[in-house]
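Engineer: Numbering (the UniProt record's numbering), first residue to last: 1 to 453.
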């Protein structure tokens with residue numbers, strides 16, 4: 001790999017150049033007696049060649065690997081190389097895990113599709129605004145720093161937002177026992193989150209001690225007939241809460257009166273039969289309504305953070321390309337050589353991100369995909385420090401941008417190129433985001449997910 005500068009940039013002046021120039025001038029004076037006096041043009045040419053050679057040696061770092069093969073890095077572009085390595089590496093950290101992180105947080109596949117449908121519109125507007133601002137002030141560095149900071153803020157917001165519940169309301173359990181005072185009632189002694197006065201229970205199951213008899217006297221009031229001690233039947237029943245006590249939004253000591261008879265009911269007044277209990281699952285309509293409203297607020301918040309993150313994140317790529325091209329032209333380098341470090345960043349950080357996810361996951365628990373987001377923020381802090389050291393040339397503010405934009409829009413080649421990018425981007429975005437969703441359902445390890453980029 002070679003990144004040497006055979007001819008150093010002319011605006012860089014080495015202190016040794018002055019001594020070289022003076023020595024050449026002295027040699028010229030001494031040789032006046034024996035030779036023809038060189039013209040000033042020839043002297044300046046020799047001085048410039050000496051300066052270029054001196055600059056080339058001092059501004060390059062060279063490692064000889066084998067025979068004629070060597071690695072040569074141009075010193076002024078080292079911060080750009082680090083910036084590309086860190087930024088593309090950070091992108092390889094968060095890209096495989098962001099989709100599955102939201103899946104883990106309760107986001108449905110249809111909701112994720114909605115986000116990716118809205119995002120391109122907002123990204124187009126955000127990228128245009130960032131480009132206009134950079135052209136107006138003639139400086140891309142402040143715009144890049146601002147977008148990096150916004151990206152970090154939005155990712156931090158994703159980590160702060162609470163987990164969303166699933167789309168369907170979860171069922172709750174209640175265990176009914178005999179009321180020792182009144183045989184015709186069942187009492188709930190365990191705490192629950194019931195807030196409505198009437199509940200509908202289903203999937204009930206009778207639990208009795210082993211020594212409870214299976215038969216009851218015929219005239220006993222509300223005797224439960226247990227057909228089989230080993231396989232108790234499931235009951236479907238409705239109940240009415242006659243008395244309610246609430247404290248700290250929790251209810252307890254409810255009395256339940258029987259309303260429907262889907263099975264033959266009776267109850268023994270024998271003490272051993274009253275040791276039986278009924279465990280039921282039920283859906284709380286009031287709690288479901290609250291969960292639905294709360295989930296909707298969280299969903300809107302997550303959609304806003306996700307879309308804004310994608311906008312700021314894509315802006316960083318665009319502005320970083322502009323800054324890279326500016327530095328490459330200024331130092332007469334090759335853009336392909338600099339982009340090699342972006343590929344190197346992906347190769348380095350992808351497996352590290354997967355290892356971090358696996359290493360931070362406790363055995364027997366769900367994957368800790370949030371660790372990849374924390375790692376992403378940490379890498380961006382280092383990237384931000386490197387960006388601040390870049391010395392990007394200040395360009396003249398753009399003029400007549402609106403007129404130039406309309407001129408480009410009228411170009412058929414430009415429109416065709418945009419359409420091709422739109423189709424390719426849609427296909428790539430689909431595979432990038434939904435492949436990992438599918439792989440997580442196959443229990444793919446985090447290390448393998450990290451290798452996908």
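We put the CB at the ideal spot given by N, CA and C, even for glycine.
All figures in this text were calculated on a predicted structure; none of them were measured in a lab.
Please confirm if the stretch 113-128 is in contact with the stretch 384-398, defined as three or more CB-CB distances below 8 angstroms between the two stretches.
Structural biologist: Counting Cβ pairs under 8 angstroms, fewer than three are found: no touch.
Engineer: So, helix, strand or coil for residue 302, using DSSP?
Structural biologist: Helix, per DSSP.
Engineer: Under the rule that 16 or more other beta-carbon atoms within 10 Å means buried, what is residue 96, buried or exposed?
Structural biologist: Buried, because 16 or more other Cβ atoms sit within 10 Å of the Cβ of residue 96.
Engineer: Report all residues from its chain with a CB closer than 7 angstroms to the CB of residue 76; omit the five preceding and five following residues, and keep chain order.
Structural biologist: Counting only Cβ-Cβ distances below 7 angstroms, and skipping sequence neighbours, we find 59, 331.
Engineer: What distance in whole Å lies between the Cβ atoms of residue 142 and residue 390, which are believed to be in contact at a cut-off of 8 angstroms?
Structural biologist: Actually they do not touch by this definition, with Cβ atoms about 12 angstroms apart.
Engineer: Return the CA-CA distance between residue 341 and residue 161, expressed in angstroms with no decimal places.
Structural biologist: Going from the Cα of residue 341 to the Cα of residue 161 covers about 35 angstroms.
Engineer: When the Cα atoms are used, what is the spatial distance from residue 308 to residue 409?
Structural biologist: About 26 angstroms.
Engineer: Less than 7 angstroms between the beta carbons of residue 85 and residue 378, yes or no?
Structural biologist: No, they are not a contact pair.
Engineer: Give the straight-line distance between the Cα atoms of residue 327 and residue 422, rounded to the nearest whole angstrom.
Structural biologist: Going by the C-alpha atoms only, they are around 29 angstroms apart.
Engineer: Quick check on this structure: which residue in 322, 450, 386 has the alpha carbon closest to the alpha carbon of residue 139?
Structural biologist: Cα-wise, what sits closest to residue 139 is 322.
Engineer: Determine the DSSP secondary structure at residue 361, reduced to helix, strand or coil.
Structural biologist: Looking at residue 361 - three-state DSSP - the assignment turns out to be coil, as it is neither helix nor strand.
Engineer: In the DSSP assignment, find the beta strand (DSSP E) that holds residue 444 and state where it starts and stops.
Structural biologist: Where residue 444 is concerned, there is no enclosing beta strand (DSSP E), given that its DSSP letter is neither H nor E.
Engineer: Distance, Cα to Cα, residue 319 vs residue 364?
Structural biologist: For residue 319 and residue 364, the distance between alpha carbons rounds to 43 angstroms.
Engineer: Grouping DSSP H, G and I as helix and E and B as strand, with all else coil, what is residue 332?
Structural biologist: Residue 332: coil per DSSP, three-state reduction.
Engineer: Starting from residue 64, trace the beta strand (DSSP E) both ways and give me its first and last residue.
Structural biologist: Where residue 64 is concerned, the enclosing beta strand (DSSP E) stretches over 60-66.
Engineer: Could you spell out where the alpha helix (DSSP H) holding residue 404 opens and where it closes?
Structural biologist: Here the alpha helix (DSSP H) through residue 404 covers 401-409.
Engineer: If you draw a straight line from the C-alpha of residue 441 to the C-alpha of residue 388, how long is it?
Structural biologist: Each residue's Cα considered, the two are about 42 angstroms apart.
Engineer: Using 7 angstroms as the threshold, is the C-beta distance between residue 383 and residue 356 below it?
Structural biologist: Contact: no.
Engineer: Could you tell me the boundaries of the alpha helix (DSSP H) in which residue 136 lies?
Structural biologist: Start and end: 109-137.
Engineer: Label residue 413 either buried or exposed according to how many other C-beta atoms from any shown protein chain fall within 10 Å of its C-beta, with 16 as the threshold for buried.
Structural biologist: Label assigned to residue 413: exposed.
Engineer: When DSSP labels each residue in this structure, what does residue 74 get in the three-state scheme?
Structural biologist: DSSP places residue 74 in strand when its eight states are reduced to three.
Engineer: For residue 69, which beta-bridge partners are listed by DSSP?
Structural biologist: Answer is 66.
Engineer: Do residue 386 and residue 107 have their beta-carbon atoms positioned less than 7 angstroms apart in this structure?
Structural biologist: No, these two residues do not count as a Cβ contact at 7 angstroms.
Engineer: Residue 135: buried (16+ other C-beta within 10 angstroms of its C-beta) or exposed?
Structural biologist: Counting Cβ neighbours within 10 Å, residue 135 comes out buried, since at least 16 surround it.
Engineer: Here's the rule: buried if 16 or more other CB atoms are within 10 angstroms of the residue's CB, otherwise exposed. What is residue 333?
Structural biologist: Result: buried.
Engineer: On the criterion of 16 or more Cβ atoms from any shown chain inside 10 Å, does residue 89 qualify as buried, or is it exposed?
Structural biologist: The residue is buried, with at least 16 neighbouring Cβ atoms inside 10 Å.
Engineer: Could you round the C-beta distance between residue 366 and residue 104 to whole angstroms and report it? I think they count as a contact, below 8 angstroms.
Structural biologist: Indeed, because the Cβ distance is near 7 angstroms, the residues count as touching under 8 angstroms.
Engineer: Leaving out the 5 sequence neighbours to the left and right, which residues in its chain are closer than 6 angstroms to residue 101 when beta-carbon positions are compared?
Structural biologist: Excluding positions up to five away in sequence, the list reads 369.
Engineer: Within 10 angstroms of its Cβ, does residue 98 collect 16 or more other Cβ (buried), or is it exposed?
Structural biologist: Flag for residue 98 reads buried.
Engineer: Measure the Cβ-Cβ separation of residue 295 and residue 164 and say whether it is below 7 angstroms.
Structural biologist: Yes, they are a contact pair.
Engineer: Would you identify the three-state DSSP class for residue 434, choosing helix, strand or coil?
Structural biologist: If DSSP states are grouped into helix, strand and coil, residue 434 belongs with the helices.
Engineer: Figure out for me which residue from 401, 68, 381, 66 has the closest Cα to the Cα of residue 153.
Structural biologist: Of the candidates 401, 68, 381, 66, the one whose C-alpha sits nearest the C-alpha of residue 153 is 381.
Engineer: Assign residue 312 to one of three DSSP states: helix, strand, or coil.
Structural biologist: Here residue 312 sits in helix by DSSP.
Engineer: Can you give the Cα-Cα distance for residue 372 and residue 416, rounded to whole angstroms?
Structural biologist: Rounded to the nearest angstrom, the two C-alpha atoms are 38 angstroms apart.
Engineer: As a quick exercise: from 68, 121, 446, pick the residue whose alpha carbon is nearest that of residue 362.
Structural biologist: That would be 446, whose Cα lies nearest to the Cα of residue 362.
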